[in-house]
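J.:
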Amino acid sequence: MPLYTLFTQGGALSSDVKAKLAMELTTLHSGYAGVPKNWVHVVFQDYAPGSGFTAGEPAATAALTLLMRAGRPPEYKRAN
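Have a look at this one:
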């Protein structure tokens, strides 16, 4: 089951924006991979202001990671 984790500075995203992003990622992944939406998980992680850096300088930084299992056979994947 895929797990999307989004890291942002605390307060950068409202609850409504998080809900919309979660639905968009779920719909995208479900449509692309051909899996049920309830297999897709999205988690938001906030970090404290002053804890994000870009080029060694403090900055509000965002990151998206995706963890998926390997080994799905090519014939199972949906063609695009």
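Numbering (full-length UniProt numbering), first residue to last: 1 to 80.
Glycine is no exception: its CB is placed at the ideal position from the N, C-alpha and C atoms.
Note that the coordinates shown come from a computational prediction; the quantities given were computed from them, not determined experimentally.
Unbroken beta strand (DSSP E) runs of length 3 or more, entirely within the UniProt domain "Tautomerase cis-CaaD-like" (1–66): which are they?
T.: The UniProt domain "Tautomerase cis-CaaD-like" (1–66) contains these whole beta strand (DSSP E) runs: 3–9 and 41–47.
J.: In angstroms, rounded to a whole number, what distance separates the CA positions of P58 and S51?
T.: Cα to Cα, the separation comes out at about 7 Å.
J.: I think Q9 touches A60, with their Cβ atoms under 8 Å apart; what is that distance to the nearest whole Å?
T.: With a Cβ gap of about 4 Å, Q9 and A60 count as contacting.
J.: Could you work out which residue in A55, A48, V40 and A70 is closest to M1 when comparing CA atoms only?
T.: Minimum Cα distance to M1 is reached at V40.
J.: Looking only at its own chain, which residues have a Cβ that is under 6 Å from the Cβ of V42, when we skip the five neighbours before and after it?
T.: For V42, where only same-chain residues beyond five positions count, the Cβ hits under 6 Å are Y4, A22 and L25.
J.: Determine whether the beta carbon atoms of D46 and A19 lie at a separation below 9 Å.
T.: No.
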